[in-house]
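The structure appears below as structure tokens.
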Amino acid sequence: MGVFLAVSTPTVATQLFGSGLIGLREGLETGIVVMILAAFLVKSDRRDSLKWLWLGVGAAVLMVLAIFAGIHYGTSTVSGLAAEAVAGVASLVAVVIVTAMVLWMRGAATHISKDLRAGMSHATEVGGLAVLSLSFLAVGREGVETALLMVGYAENTSGSSWPLLGLLLGILVAVVVTIALYFGAVRVNLAKFFTYTGALLVVVAAGILAYGIRAIQTVGWLPGGANVAFDISGFYDQSSWYGSTLAGLFNIRPDPTVLQVIAWSVYLVVVMTLFLRPRRTDSADSSPAPHDRIPAA
51 MGVFLAVSTP TVATQLFGSG LIGLREGLET GIVVMILAAF LVKSDRRDSL KWLWLGVGAA
111 VLMVLAIFAG IHYGTSTVSG LAAEAVAGVA SLVAVVIVTA MVLWMRGAAT HISKDLRAGM
171 SHATEVGGLA VLSLSFLAVG REGVETALLM VGYAENTSGS SWPLLGLLLG ILVAVVVTIA
231 LYFGAVRVNL AKFFTYTGAL LVVVAAGILA YGIRAIQTVG WLPGGANVAF DISGFYDQSS
291 WYGSTLAGLF NIRPDPTVLQ VIAWSVYLVV VMTLFLRPRR TDSADSSPAP HDRIPAA
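Residues in the sequence shown are numbered from 51 upward in steps of one, following our numbering.
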């Protein structure tokens, strides 16, 4: 029993921590969006539209749960090469969507609050269905990103239920923080928040890309599965605390293929450069305006 705990505890902690980070980041991003929309309706004395806002949020959550359940069912009911194919394709799709979202958020972070309020102002003039659609799209976009991220992450944790628990705990913490933000207990600079968490997501996505390529190579859809770039398993113990941590968070393994190393390196350099490159508005507005910060209720 003591040996089992010594081996399994780091893995469990890693799974909780890794998926918890995803839940916290994505939960905060979603919560901030909903909070801005709700705060606008309250401050503009349009509380009658709040029910449409929450209906849209609820519909988006149900859609995301359906997508997550569908992907999980698809990956858990197949085995062998079919499972590798599903995991590989799902991982590559996740990388494409997450990359697009991260790069989009890079440009939108400094003015997202203003844009959301403008969108909600227009929606309230159109009607309740417009408010519902706006909140549905805003929350659904983040939810789909979370579901795909978790597929790429959980596929590397041997079907354990710990990643799901970590995701839920991260979301719970995000809800608490969002409530504190709404009531003015804390204030957050949106531009910095999305920059730091976005950079972390780029590294995570690079690992998911490498994992997806290895899975596709195993199926035989990509060549080079036997061409190992290097093998440090002689002194790098993947079952150790550090090995399980790096594998759980960033899909790092001691014996990557040449194609994995090339794809990981090129993706990380190109996407991180695009993400961190200075914006043309940075020099003119190095510190966000008040409306670009989280509004108090």
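For each residue, glycine too, the CB sits at the ideal point set by N, CA and C.
Sufficient close CB pairs (3 or more, under 8 Å) joining the segment 223-235 to the segment 79-97: yes
Cβ pair residue 69, residue 216 closer than 8 Å: Working through the sequence shown from its first residue, we reach residue 69 at position 19. Working through the sequence shown from its first residue, we reach residue 216 at position 166. It is a contact, given that the beta carbons lie within the stated cut-off.
Residue 319 and residue 251 closer than 8 Å at C-beta: Counting from one through the sequence shown, the residue named residue 319 turns up at place 269. Counting from one through the sequence shown, the residue named residue 251 turns up at place 201. Not in contact: residue 319 and residue 251 (Cβ atoms no closer than 8 Å).
contact_flag[the segment 172-185, the segment 91-101] where n(CB pairs < 8 Å) is 3 or more: yes
Strand pairing of residue 278, partner residues [DSSP]: Locating residue 278 in the sequence shown gives position 228, counting from the first residue. Paired residues: 307.
Span separating the alpha-carbon of residue 274 from that of residue 264: Reading the sequence shown from its first residue, position 224 is the one you call residue 274. Reading the sequence shown from its first residue, position 214 is the one you call residue 264. The alpha-carbon atoms of residue 274 and residue 264 are separated by roughly 9 Å.
Neighbourhood of residue 134 by C-beta, 7 Å cutoff - its chain only, sequence neighbours within 5 removed: Against the sequence shown, residue 134 aligns to sequence position 84. Within the same chain, residue 134 has close Cβ partners 265, 268, 269.
For residue 172, the first and last residue of its enclosing alpha helix (DSSP H): Here residue 172 corresponds to residue number 122 of the sequence shown, with the count starting at 1. 162-176 is the extent of the alpha helix (DSSP H) around residue 172.
8 Å Cβ cutoff met for residue 73 and residue 282: Position 23 of the sequence shown, counted from the first residue, corresponds to residue 73. Position 232 of the sequence shown, counted from the first residue, corresponds to residue 282. Against a cut-off of 8 Å, the Cβ pair of residue 282 and residue 73 comes out as no contact.
Member of 234, 127, 154, 285 whose CA lies at the smallest distance from the CA of residue 324: Along the sequence shown, one-based indexing puts residue 324 at 274. If we check each option's Cα against that of residue 324, 154 comes out closest.
Endpoints, alpha helix (DSSP H) assigned at residue 232: Walking along the sequence shown from the start, residue 232 turns up at place 182. Start and end: 212-232.
C-beta atoms of residue 110 and residue 190 nearer than 8 Å: Within the sequence shown, numbered from 1, the residue matching residue 110 stands at position 60. Within the sequence shown, numbered from 1, the residue matching residue 190 stands at position 140. Closer than 8 Å, so yes.
Start-end ranges of the beta strand (DSSP E) lying completely within the segment 69-135, minimum 3 residues: none
Status (buried if at least 16 other CB within 10 Å, exposed otherwise) for residue 94: What you label residue 94 is simply residue 44 of the sequence shown in a count that begins at 1. When all chains shown are included, residue 94 counts as exposed.
Residue environment, residue 306, which counts as buried when at least 16 other CB atoms sit within 10 Å: Looking up residue 306 in the sequence shown gives position 256. Flag for residue 306 reads buried.
CB of residue 260 within 8 Å of CB of residue 224, strictly: Taking the sequence shown and counting its residues from 1, one reaches residue 260 at position 210. Taking the sequence shown and counting its residues from 1, one reaches residue 224 at position 174. Their beta carbons are not under 8 Å apart, which means residue 260 does not touch residue 224 by this criterion.
Supposed contact pair residue 106 and residue 184 - C-beta distance, whole angstroms, cut 8 Å: Counting from one through the sequence shown, the residue named residue 184 turns up at place 134. Counting from one through the sequence shown, the residue named residue 106 turns up at place 56. Indeed, because the Cβ distance is near 7 Å, the residues count as touching under 8 Å.
Length of the line joining the Cα atoms of residue 161 and residue 254: Residue numbering aside, residue 161 sits at position 111 when the sequence shown is read from its first letter. Residue numbering aside, residue 254 sits at position 204 when the sequence shown is read from its first letter. About 25 Å.
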